[in-house]
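With the working numbering applied, the sequence shown closes on residue 1082, and no number is skipped along the way. Cβ atoms here follow ideal geometry from the backbone N, Cα and C, with glycine treated the same way. Okay, structure first, notes after.
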Amino acid sequence: PAYGQVRVSNELRKQSIFVSAGGVRSIWLRHGLANFKQRLNVLEKEVIEKGIILSESQVQALERKKEDDIASGEI
């Protein structure tokens, strides 16, 4: 979730999947993943529903989100 459009585009290019940064954004918008918080929410749901294993950076991002939610009174 923490990667931006350009980074995702570059990572896909390394795997021989050619999508522009604008194309990544368009896909994210289509699937309701336009911003970092939306992508984190989907990641949380995937963990709960499918029990996927997270990378260290994903765990850190989710922890920061929880801290931000508590600080802003969302929880």
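Cβ-based neighbour list, residue i, same chain, cut-off 8 Å, excluding 5 preceding and 5 following
i: K1052; result: none
Best match in the options for proximity to residue i [C-alpha to C-alpha]
i: I1034; options: Q1012, I1077, R1020 and L1061; result: Q1012
i: S1064; options: L1050, E1056, G1080 and K1021; result: L1050
Residue i burial status per 10 Å Cβ neighbour count (16 or more: buried)
i: L1040; result: buried
Beta-carbon proximity list for residue i, same chain, < 6 Å, skipping 5 on both sides
i: V1031; result: Q1012, V1015 and S1016
Neighbourhood of residue i by C-beta distance below 7 Å, restricted to the same chain and skipping five residues each side
i: V1026; result: S1016 and L1019
i: L1047; result: P1008, A1068, L1069 and K1072
i: Q1045; result: G1039
Length-filtered (4 minimum) alpha helix (DSSP H) runs lying within the stretch 1011-1053: 1012-1021 and 1028-1037
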